[in-house]
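With our numbering, the residue at position 403 of the sequence shown is 408, and numbering never jumps.
Note that beta-carbon positions come from the ideal geometry of N, C-alpha and C, so glycine has one too.
All of these numbers come straight from a predicted model, not from anything done at the bench.
Down below is the structure, laid out as structure tokens.
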Amino acid sequence: MDRGDIIAFSEKGKRKIHKPGFSITPYSLLRQGAHTVKGWKNFGIRPVVIAGLIPLLFLSLFYFYPLCGIFTRSFFPDGIFEFKVFEKIFSSARIARIIWFTFWQAGLSTLLTMAAALPCAFVMANYHFKGKKIIMGIATIPFVLPTVVVASAFQALAGDRGIIGFIHIENSLYMILLAHVFYNFSIVLRITTNFWSYIRKETAEAGAMLGASSVQIFFKITLPLLKPALYASSILVFIFCFSSFGVILILGGPYFSTIEVEIYRQAAHLFNLPVASLLSLIQILFTFLMMWVYTSLQKRMAKFSPESESKAMKHAETFQQKIMVGFCLGFICLLCFLPMAALVVKSLLYEGSFSFTFYKELFINSTNSLFYIFPLKAGLNSLVYATATLAMALVVGLCASFLIKSAKGKRGALLDSFFMLPLSTSAVTLGFGIIITLDKPPLNLRTSWILVPVVHTLVAFPFVVRSVLPALSSIPESLRDAALMLGASNFRVWFHVDLPIIARAVTAGALFAFTISLGEFGATIFTARPEFSTLPVAIYRFLGQPGIMNYGQAMAVSSLLMLVTAAGFLVIENIRTMGNQVF
6 MDRGDIIAFS
16 EKGKRKIHKP
26 GFSITPYSLL
36 RQGAHTVKGW
46 KNFGIRPVVI
56 AGLIPLLFLS
66 LFYFYPLCGI
76 FTRSFFPDGI
86 FEFKVFEKIF
96 SSARIARIIW
106 FTFWQAGLST
116 LLTMAAALPC
126 AFVMANYHFK
136 GKKIIMGIAT
146 IPFVLPTVVV
156 ASAFQALAGD
166 RGIIGFIHIE
176 NSLYMILLAH
186 VFYNFSIVLR
196 ITTNFWSYIR
206 KETAEAGAML
216 GASSVQIFFK
226 ITLPLLKPAL
236 YASSILVFIF
246 CFSSFGVILI
256 LGGPYFSTIE
266 VEIYRQAAHL
276 FNLPVASLLS
286 LIQILFTFLM
296 MWVYTSLQKR
306 MAKFSPESES
316 KAMKHAETFQ
326 QKIMVGFCLG
336 FICLLCFLPM
346 AALVVKSLLY
356 EGSFSFTFYK
366 ELFINSTNSL
376 FYIFPLKAGL
386 NSLVYATATL
396 AMALVVGLCA
406 SFLIKSAKGK
416 RGALLDSFFM
426 LPLSTSAVTL
436 GFGIIITLDK
446 PPLNLRTSWI
456 LVPVVHTLVA
466 FPFVVRSVLP
476 ALSSIPESLR
486 DAALMLGASN
496 FRVWFHVDLP
506 IIARAVTAGA
516 LFAFTISLGE
526 FGATIFTARP
536 EFSTLPVAIY
546 RFLGQPGIMN
556 YGQAMAVSSL
566 LMLVTAAGFL
576 VIENIRTMGN
586 QVF
């Protein structure tokens, strides 16, 4: 069998090739060659298994071991099992109010977000108009912003010093709910719009021909078809609001607290590690339960597909349709663009006139305070952490993707869910677990700068997996098998076959990791020492100090961080569109 036969096989699949004197099925031979690779066949170990040990070891050391530390501190605070911590928590009226408020505000935020997004999803799914892609981009940018920037934007808009500060809603529930709707609006919009666009108009027309009214068509036909997307998006929004940290910590002030914020206060301010540990355990168990429900809904969504192709959009022709489209566009711009615009305006407004004073002050310590954080140094720290996170997340994410791809079937699905576990755990809980466990040899990283990018990698590498895995799964096995049979090593196959195909997805995953690290706040505030502060931590400390200059510098740093993360998202969206990847 010569090279031409092998290449022909790679294009035709399992076709048998007959030569004078023998008959052979190249597919079986190639699959054998793919599984027993030169250099490893004597040991019976596939290189992908060796690579897969990297993410497994990483999760074991920096995810499961800290979670076990939280479990131990919860049930064995003094080395023996006792109920004192349980009694203290469940008998505390304050803790009960915090737990109730956590559930209550998450539920109300979810309902408000669904109510705001569903009418817009209907318009985006059914009508075609100019600038639609730009509007979707504007609507999505808030979700990729760091939560500390979201909080700063709403302080700039509706805080006591904000543009519409006369309405007096700072440190109120209204501010929290508005920020949650702003932050999570795009989740419902994108999920339901994509799902809604696959429900063809012939389905509704059939109901109309049978005498159903528009209301009946919606409730009897459209709504049942939309249920999987509605349930999935609402659960995601609930999880994000349930584990909200930066928004509650900054906008809620001393009056409002969730489980996430209370974990931080008990650990960082009161040094009550047993109580913080038990609260973390309660949060972990509930978020795991919610993620299990979400995963089940995803499986239902995968089994149910209204149509294989998206329906054709229609133009708004009647006056009512034009009003509806115009109202939708105006609402999206008002909700998503106004807080970001207010943030930029407040960063440029000094003593009633536009000025770059706050930006200039970022480079000097005019108060000569020993506790002053130079934003330039914090920005440099953030860039170093983001670069290190990018490198580590790519290594861990790529190895995890190759392992999932090689497993296939139920094992592949199980591994996929396994590597997504960090997404179901709050960043504050991750940071807290790490600082209480990685403080003794041989893993004494508590005072090391590397601890910050390690935590950031935990949060970021699942996004690399989600970016790379679809592209990796699209590579025909025959291409790799043919290269292996032609004598190429595994490295050459990866470099010349896999890498060119997944290059765009890898780039998108790298940008995800970089931007996530730049804006990560919950875990960083636990793990970063004062000399290793990042931009989000600097913003939080500026907002916590009195004076117009500190406030203005917080607005300036927030504006810069917002522009960087928004630019990163737009680049990712461009790569996704060009590479046709699904995130």
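Mind checking who residue i pairs with in its DSSP beta bridge?
i: N449; result: D444
i: L183; result: None; L183 has no bridge partner.
i: F359; result: L354
i: Y132; result: K319
What does the Cβ neighbour count give for residue i, buried or exposed, with the cut at 16 atoms within 10 Å?
i: P481; result: exposed
i: K351; result: buried
i: L448; result: exposed
i: H185; result: buried
i: D444; result: exposed
i: L408; result: buried
i: G251; result: buried
i: G552; result: exposed
i: T263; result: buried
i: P259; result: exposed
i: M214; result: exposed
i: S248; result: buried
i: I100; result: buried
i: E267; result: buried
i: Q325; result: exposed
i: D165; result: exposed
Does the separation of the CB atoms of residue i and residue j fall below 8 Å?
i: G438; j: G74; result: yes
i: T115; j: Q288; result: no
i: L343; j: L548; result: no
i: A528; j: A398; result: no
i: S406; j: L516; result: no
i: V502; j: A513; result: no
i: F159; j: L183; result: yes
i: S564; j: N386; result: no
i: I172; j: L241; result: no
i: F363; j: A561; result: yes
i: S478; j: K410; result: yes
i: A130; j: S202; result: yes
i: F261; j: F106; result: yes
i: F423; j: V470; result: no
i: Y236; j: L302; result: yes
i: A144; j: I337; result: yes
Nearest CA to the CA of residue i: which residue from the options?
i: V298; options: G514, A163, S429, V401; result: S429
i: A346; options: I146, A56, I85; result: I146
i: T198; options: K225, P233, C338, I168; result: P233
i: L254; options: F88, V155, F336; result: V155
i: L58; options: M180, A518, Q558, G402; result: G402
i: S285; options: E578, P535, F76; result: F76
i: A518; options: L477, V389, K225, S157; result: V389
i: L339; options: L123, T118, F363, F187; result: F187
i: T532; options: V464, R451, A465, L334; result: R451
i: M119; options: S65, F80, P229, F190; result: F190
i: K93; options: Q271, M180, V576, L235; result: Q271
i: E536; options: G384, G557, E265; result: G384
i: L72; options: F293, A418, R534; result: F293
i: F69; options: P427, L113, L504, P505; result: P427
i: V153; options: P60, F95, L123, G257; result: G257
i: I369; options: S453, P380, F496; result: P380
Below 6 Å CB to CB, which residues in the same chain sit around residue i once its five sequence neighbours on both sides are set aside?
i: V459; result: F67
i: A321; result: Y132, K327, V330
i: A393; result: P458
i: T462; result: T394, M397, A398
i: I577; result: A513, L516
i: F200; result: A234
i: F468; result: F517
Note down, in chain order, each residue of its chain lying with its Cβ closer than 7 Å to the Cβ of residue i, except the 5 sequence neighbours on either side.
i: R78; result: L278, P279, S282, I441
i: T570; result: V149, L150, P151, T520, L523, G524
i: F63; result: V401
i: L334; result: I140
i: V498; result: R485, A488, L489
i: L575; result: G142
i: V587; result: At V587 the pLDDT is 37, less than 50, meaning the model places this residue with poor confidence; the figure from the coordinates comes in the next sentence. The residues are P475.
If I measure Cβ to Cβ from residue i and keep anything under 8 Å in the same chain, skipping five residues before and after, which residues do I get?
i: I168; result: A161, L162, A347, V350, K351
i: S157; result: I255, L348, I544, L548, A559, M560, S563
Please indicate yes or no: does the CB of residue i lie closer than 7 Å to some heavy atom of the ligand ADP?
i: A533; result: The model on display carries no ligand, and the ligand ADP is accordingly not part of it.
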